[in-house]
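Chains as they are written, first to last, in my numbering: chain F, 387 to 518; chain B, 6 to 374.
A quick write-up on the structure given underneath.
See below:
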């Protein structure tokens, strides 16, 4: 069973999370439910620092043995930091999707975009519905 | 979608199911890597009921096969199986299959799932053209269940429910025996690069055999394994997959199957093979490993010094080797081991190197041949 989605952050329909760090910066990654669907993650393609992205544009790629999946940015802005550990330890996403498996930090263009994302409860309801 | 006799068991085992060649098949039960590692270190059990079996029996059966298979079946003993290609008149591969000699003028041909009907029609047509009316050809696929048991612990597990000793059985040989009291054909063969067996039995009994093997094998580390692990295991072992490395436009000389072609006998396609052997091939299948980060996948383009030279046919992360590997078709001049190539991954060229096949070979002590 997937770990519960923490209430301290926001969620996209595409299974990304965004944690507001203050100062207009979010940390983002994929949810534990997403890593369960993907199973063994064996490769992560990280964005370049300085990359400018729009909300819900592909910001990274995660690959399992069998599949290749885009990861979408929950917000518009500029990539200011990436989780370099994922290059040698992609399995961190399987082990700790909401923590050590974070993917990137983004300086938001429009912090109000966060309001368009789901709360943890809404996200949990969505995956529960999709599962049945 | 067609279901195998083991379908309900896959559901009970919580497998993720996918469509493969018109069949609803388990791709994984837990994760591909877990099932892959279990097969290399202990054993994996695979539902292979989707593959086809065709029985040929009666006077002329051997001549019929000799006339349509690339492999020379002269000297094949009862109890021995042979891998062969069945070519069309241009030398293209209609199917790669295994031929079990059940007795004089009595054979079982094991086909891929997607090629079963084509193969059956091709073989029947050849019989009619050759006037070999004495050969009865039966598609026995629906009545025949097939399980592959693969990995170093396979013999110990299968022995628990098999009549007669498996130990003397050599690689690519089979015995008619009883598994769980059911008449079965058991061959020492498979598609993973490990020691192991292919087991054929009545499709109405195959479920019970599957259960008994799982039960007998669990203490030894046996795991049910899906098509995902089957694919990563076969790629590491340098084994080809019909529809990826082979089809009706690809000849055995272009892949690594030149050794399956015996030009000392006449058969369909032999003229095309003679010509190709003289003229050489324009494209060739190679194995590669990624030297930069990235995983090449089916269809990705291959470059050498920014010139496009081919495409990837199968590519994956290799769990045993811990790196990304694959097969590609490239034009003739770039096939040498050690050659540097680039593979385009999402618009970016990533470095790879041509390497000898297979990528993985099991420790010698486990060989039985």
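The C-beta atom is built at its ideal place from N, Cα and C for all residues, glycine as well.
Being a predicted model, the structure only gives us computed values, none of them experimental.
Bridge partners - residue i, DSSP secondary structure assignment
| i | result |
| --- | --- |
| residue 203/B | 153/B and 192/B |
| residue 465/F | 492/F |
| residue 29/B | 8/B and 24/B |
| residue 335/B | 289/B and 315/B |
| residue 111/B | 62/B and 108/B |
| residue 520/F | Lying outside 387 to 518, the shown extent of chain F, residue 520/F is not represented and no answer is given. |
| residue 375/B | What is shown of chain B runs 6 to 374, which leaves residue 375/B out entirely. |
| residue 347/B | 308/B and 356/B |
| residue 175/B | Paired residues: none, contrary to the question. |
| residue 449/F | 429/F and 454/F |
| residue 57/B | 116/B |
| residue 487/F | Paired residue(s): none; residue 487/F is not in a bridge. |
| residue 320/B | 331/B |
| residue 251/B | 247/B |
| residue 396/F | 404/F |
| residue 438/F | 464/F |
| residue 294/B | 330/B and 358/B |
| residue 187/B | 184/B |
| residue 444/F | 458/F |
| residue 411/F | 493/F |
| residue 268/B | Answer is none; residue 268/B lacks a bridge partner. |
| residue 100/B | 91/B |
Near the ligand GTP: residue i beta-carbon under 6 Å from a heavy atom
| i | result |
| --- | --- |
| residue 433/F | Within the structure as shown, the ligand GTP is missing, as the structure has no ligands at all. |
Chain B contact for residue i (CB, 7 Å cutoff)
| i | result |
| --- | --- |
| residue 412/F | no |
| residue 458/F | no |
| residue 509/F | no |
| residue 429/F | yes |
Where residue i meets chain B, residues with beta-carbon distance less than 9 Å
| i | result |
| --- | --- |
| residue 417/F | Per Cβ cutoff of 9 Å: no residues; residue 417/F is ~18 Å from chain B at best. |
| residue 426/F | 36, 37, 38, 39, 322 and 324 |
| residue 473/F | 298 |
Closer than 7 Å to chain F by CB, residue i
| i | result |
| --- | --- |
| residue 374/B | Reliability of the predicted coordinates at residue 374/B is poor, the pLDDT of 47 falling under 50, and the value obtained from them is presented with this limitation in mind. For residue 374/B, the answer is no, since every Cβ of chain F falls outside 7 Å of its Cβ. |
Partners in chain F for residue i, counting only beta-carbon separations shorter than 8 Å
| i | result |
| --- | --- |
| residue 237/B | 451 |
| residue 233/B | 451 and 452 |
| residue 306/B | The premise fails here: residue 306/B is roughly 15 Å from chain F at the closest Cβ pair, so nothing lies under 8 Å. |
| residue 302/B | 454 |
Buried versus exposed call for residue i [16 or more other C-beta atoms within 10 Å across all chains shown]
| i | result |
| --- | --- |
| residue 395/F | buried |
| residue 240/B | buried |
| residue 149/B | buried |
| residue 250/B | buried |
| residue 265/B | buried |
| residue 220/B | exposed |
| residue 289/B | buried |
| residue 175/B | exposed |
| residue 153/B | buried |
| residue 374/B | Any reading at residue 374/B needs caution, since the residue's pLDDT is 47, under 50, leaving its predicted position unreliable; the model's value is listed next. Counting Cβ neighbours within 10 Å, residue 374/B comes out exposed, since fewer than 16 surround it. |
| residue 295/B | buried |
| residue 145/B | exposed |
| residue 274/B | buried |
| residue 83/B | exposed |
Continuous alpha helix (DSSP H) stretch holding residue i: start and end
| i | result |
| --- | --- |
| residue 215/B | 211-222 |
| residue 37/B | 37-46 |
| residue 124/B | 121-135 |
| residue 471/F | 471-474 |
| residue 508/F | 506-516 |
| residue 500/F | Where residue 500/F is concerned, there is no enclosing alpha helix (DSSP H), given that its DSSP letter is neither H nor E. |
| residue 479/F | 478-481 |
| residue 78/B | Taken as a continuous stretch (DSSP letters only), residue 78/B belongs to no alpha helix (DSSP H), as it is neither H nor E. |
| residue 278/B | 275-284 |
| residue 300/B | Run containing residue 300/B: none; DSSP gives neither H nor E here. |
| residue 160/B | 159-164 |
Where residue i meets chain B, residues with beta-carbon distance less than 8 Å
| i | result |
| --- | --- |
| residue 468/F | Correct list: empty, because the minimum Cβ distance to chain B is about 14 Å. |
Listed by chain order, chain F residues near residue i by CB distance under 9 Å
| i | result |
| --- | --- |
| residue 351/B | 431, 447 and 454 |
| residue 32/B | 452 |
Enclosing beta strand (DSSP E) for residue i [first to last residue]
| i | result |
| --- | --- |
| residue 88/B | 86-92 |
| residue 181/B | 179-184 |
| residue 456/F | 454-458 |
| residue 142/B | 141-144 |
Any chain D beta carbon closer than 7 Å to residue i
| i | result |
| --- | --- |
| residue 490/F | Going by chain labels, chain D is absent from the structure shown, which instead holds the protein chains F and B. |
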